[in-house]
Every structure is written in structure tokens, then in C-alpha cells.
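Down below is the structure, laid out as C-alpha cells.
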Amino acid sequence: MSYGLGGACETASNISTCTDGEYHQYLSHYNTPSRSHQQSRPYSNGFQNPIMLNGHNRLDDTEEHQQQIDGDYEEIAPDRPRLLMWGLTKSGKTSIIKLIFEKMTAGETLQLPETKIIQIHELTCGIHVRFQIRDVPGPKTASLLDYDTYSSECTTIVFILDATDDCSDSINLLVSSVQWMHSKGLDVRFEVLIHKIDGVHEQDRLDRYSHIQQQVTVMLHECSIEAPLINFYLTSIYDHSIFEAFSKIVQNQMRQLRVLENMLDLVTATTQLDKIFVCDIYNKIFLASDTKPVESQISELCCDVVDVYTDISSIYGKSNSPVLDPSSYCTIELSIGLVLYLKDINETTALICILKKESNINGALMEVNLNILKQNIQELFVANSNYSPRQQLNTSTE
1 MSYGLGGACE TASNISTCTD GEYHQYLSHY NTPSRSHQQS RPYSNGFQNP
51 IMLNGHNRLD DTEEHQQQID GDYEEIAPDR PRLLMWGLTK SGKTSIIKLI
101 FEKMTAGETL QLPETKIIQI HELTCGIHVR FQIRDVPGPK TASLLDYDTY
151 SSECTTIVFI LDATDDCSDS INLLVSSVQW MHSKGLDVRF EVLIHKIDGV
201 HEQDRLDRYS HIQQQVTVML HECSIEAPLI NFYLTSIYDH SIFEAFSKIV
251 QNQMRQLRVL ENMLDLVTAT TQLDKIFVCD IYNKIFLASD TKPVESQISE
301 LCCDVVDVYT DISSIYGKSN SPVLDPSSYC TIELSIGLVL YLKDINETTA
351 LICILKKESN INGALMEVNL NILKQNIQEL FVANSNYSPR QQLNTSTE
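Residues in the sequence shown are numbered from 1 upward in steps of one, following the UniProt record's numbering.
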């Protein structure tokens, strides 16, 4: 059975990508949110200069250097999605960026100073998925001062809400921000991270989530905003939940997502593979997966596989060589009866496949199928490299 671009695109054309009014209840599982992520190698994907990937508005940069970097990146991806990290001061905006994209540990992020200036981070996931994140000083109260400047040309607002504080000001700021965008006629997506949830008793977390979601919904209804583009997530820097949530946020920026999901669905439907993820191995962002439901523990196991692989590669691999190459693969058998198989797509991106240990699968045939899938994914990203993200956002909300 063919699962190339043609079949996947044809399937995608019959699927509505409208998410108006859907409240995505992406609830993560929390057991003991006290383990911080170990520090791994610095982010560099072998394709772009790391300074362009990790943020370029630094105090030791000259203005000419910053302008040169801006100009270079505008030529590479002029219509890339732009995300604004927004929320009250000390809500954890900068910590999230540093944890995911600059490989700080959770403990190290606690020492970060308060953000005083706008910091612009030009980021790349998997070579072809490029986007900008703006980290701005947060207001101390529900004030929209400078919000119009901060949010200019942004396609998504990532709103960080500190779940350990009184949420009244944060909720008022969120509602005011949505109302401002609505008054300007802008279909901007809001991704709300109910953050620092590790500081809330486990039995109270779902209640806190439901209360915030319901209060925001009621207040937006009172403002005559019936179907906002808004999603809610429970997150913490001490477990995998922040990676899961940000993976969803990045996926919502990807113009290739629907076709890629259909391609992965076709593979799982015609093989004995139970689940397939496409993962950026440097920041553990899942760019896509097939649409079968999955428990958060499984995606966390996949990230653990990535950590194991990168650690082994850094010890036994050649110096100054990419972690992934065309001969890269890794197989790990778990005590719960699952096998995790990692295979490269390019220097920064890997397929992570999950299958049952008792599956009588032909290894050679699986390798052939995955090589075909790998080639089709590469072609998909190249074919969509010149498509406007802003146009995709607008067409997906009609």
C-alpha cells in the first residue's frame, strides 16, 4: 500500500482543520513531579548557526550583529510563525524557553533574573520547522501596556499562568488580551499554559484546571466572544508535561501537520507498528505522530529513549559529527512488553516507533517501509518550504 505524498494529501483535503471553539483538554499525568531533566548537549542541529537558534538579542551583541542575524533569518524564513510568550511577571516564561531550547536544568532556571528587555529567539525544529519566539517583560498587573507592540505580527500567543498564585490578575490579563485581538479582527491562537502545577496538591490539579478554563470561558462569553482559538495545558518544568504541551504548540504552527499525520496513520494501519512519533532529538519536541490516542507516559518513554541515544552517541560517537546519520538506529525493549525503535530522518529528526514485543514483525520489511516513510517525510517538508504560515493559520480557522 502506498503511503506517499499523494495519498496523504488526498486524505488531508477531506479533513477539516478548523479548531474554532475547541478546548483542548491536554491533561498530563503527574506522579512525582520532583525530577528535573538532566542537562544534555548544547542545542545545535548542524544546519543553522546556534546563535540564530538560541536567541540573538544579547547584551554583548553589537547592534550591527543583531541586524545581520535578523536579515539572514528573514531571507531563510520570512513568513515563519511568530509566538509571543505572554503573562504576568515571574510566571515562568523565560524558564520554559531556557529549559526546552537552551538545555538548562529545571534547577538552573530558578536563578534566572527577571526579564527586562525584549528577547527574540529564532528557532528551528527538525531543520524545516522554523519559528520565532518573543520573550517580553511581563506586566505586574492585568495591564495591556505595550501589548500592541509585543504582539505585532504574532500568529500565536503562548500565555503563561502561574497556578500557585492568585489567578485573578492572570485570568483578567488573558481575557483582555483575547478581547484586544478580537477587537482588531485577528484570528490569533492562544495557548494557555497553567504552569508550575507541581506546586499544587495532586488532588487539586484538575479542579484548578477546570476552574480556570470555566472562568475564562464565562468571561469571554460576557465579552461576546463565543468561539476563541484557545487551548489549555497543565505544565511543570519538573516533568515531561512542558515538552508535551510545547510539542502541541509547535504542531499547531506546522503547515505540514495534517498531511504528515495522515502519512503516519497509513503506515500504522498497514503494519504492526502501534505508534509512530516524529521527534526533534535536540529539544525533545514531537513534530507529529499518528492520531491513535496515547498515554503521556509513552511519550515520556520516547523522550527517555532520545536521552539514552544522545548520551551514548556523545560517548562513543565521533567528535564533531551529528548525533543522527543515515545508519543511526536504536532498539530498546521495555519490561512492560513494548519495543521502542529509533531511526533517523535527518541530522536532527528521528522516527520513534512503538510495537508490542510479541509482534511477529519482519525486521527487513519494517526497515524498507520506514525508509520509504523517511523519504516521503523529507519530500513533504521540502515541498511545503515556501508556503505562508500566516495563510495556513487563516485558512485553518475559516
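In this text, a Cβ means the ideal position worked out from N, Cα and C, and glycines have one as well.
Range covered by the beta strand (DSSP E) that runs through CYS353: Start and end: 349 to 356.
DSSP-derived helix/strand/coil call for ASP304: Looking at ASP304 - three-state DSSP - the assignment turns out to be helix.
Bridge-paired residues (DSSP) for LYS275: Under DSSP, the beta-bridge partners assigned to LYS275 are ILE354.
6 angstroms Cβ shell around ILE377 - same chain, five flanking residues per side excluded: Same-chain partners within the cutoff: ILE345.
Given THR235 as reference, the closest of SER319, ASN262, ILE160 once Cα atoms are compared: Out of SER319, ASN262, ILE160, ILE160 has the C-alpha closest to the C-alpha of THR235.
Contacts around TYR329, its chain only, beta-carbon distance under 8 angstroms, and the 5 residues preceding and following it disregarded: Only TYR341, LEU342, LYS343, ASP344 meet the Cβ criterion.
Cutoff 7 angstroms; reference CYS302; Cβ partners in own chain excluding five residues on either side: These residues qualify, in order along the chain: PHE277, CYS279, LEU340, ILE352.
Alpha helix (DSSP H) segments (min. 4 residues) lying fully within the stretch 70 to 153: Here the runs fully enclosed are 93 to 101, 106 to 109, 147 to 150.
Anticipated Cβ contact below 8 angstroms, ILE298 with ILE354, distance rounded: ILE298 to ILE354, Cβ: 7 angstroms. Contact.
Close Cβ partners of THR291 (< 7 angstroms) along its chain, the five nearest in sequence each way excluded: Within the same chain, Cβ atoms closer than 7 angstroms to the Cβ of THR291 are found at GLU261, ASP265, the five residues on either side in sequence being excluded.
Cut-off 6 angstroms between Cβ atoms - residues of its own chain near VAL382, not counting five sequence neighbours on either side: Excluding residues within five positions, none has a Cβ falling inside 6 angstroms.
First and last residue of the uninterrupted alpha helix (DSSP H) at TYR341: Segment 338 to 344 is the beta strand (DSSP E) holding TYR341; no alpha helix (DSSP H) there.
Alpha-carbon to alpha-carbon, SER224 and LEU365: Whole-angstrom Cα-Cα distance: 56 angstroms.
Residue ranges of each alpha helix (DSSP H) within the stretch 178 to 224, 4 or longer: Segments of the alpha helix (DSSP H) lying fully in the stretch 178 to 224: 205 to 222.
The stretch 140 to 147 contacting the stretch 167 to 181, beta-carbon criterion three pairs below 8 angstroms: The stretch 140 to 147 vs the stretch 167 to 181: in contact.
For HIS195, the nearest candidate out of LEU324, VAL294, PHE232 (CA to CA): Across the set LEU324, VAL294, PHE232, the C-alpha of PHE232 shows the shortest separation from the C-alpha of HIS195.
Straight-line gap, LYS284 to PRO81 (C-alpha atoms, nearest Å): If you take the alpha carbons of LYS284 and PRO81, they lie about 19 angstroms apart.
C-beta contact flag for VAL178 and LEU110 at 8 angstroms: Judged by beta-carbon spacing, LEU110 lies beyond the 8 angstroms limit of VAL178, meaning their Cβ atoms are not closer than that value.
Reduced DSSP category for SER289 - H, G, I as helix; E, B as strand; rest coil: Strand, per DSSP.
Inter-residue Cα distance where the pair is ASP268 and GLU244: A quick correction: the sequence has Thr, not Asp, at residue 268. Roughly 21 angstroms between the two C-alpha positions.
Exposure label - VAL218; buried when at least 16 CB within 10 Å: Looking at its Cβ environment, which holds fewer than 16 other Cβ atoms inside 10 Å, VAL218 is exposed.
Status (buried if at least 16 other CB within 10 Å, exposed otherwise) for ARG41: Model confidence at ARG41 stands at a pLDDT of 32, short of 50, so the residue's coordinates are unreliable; what they give is reported in the following sentence. Exposed is the call here.
Distance CB(ILE100)-CB(PHE246) smaller than 8 angstroms: The answer is yes: Cβ separation under 8 angstroms.
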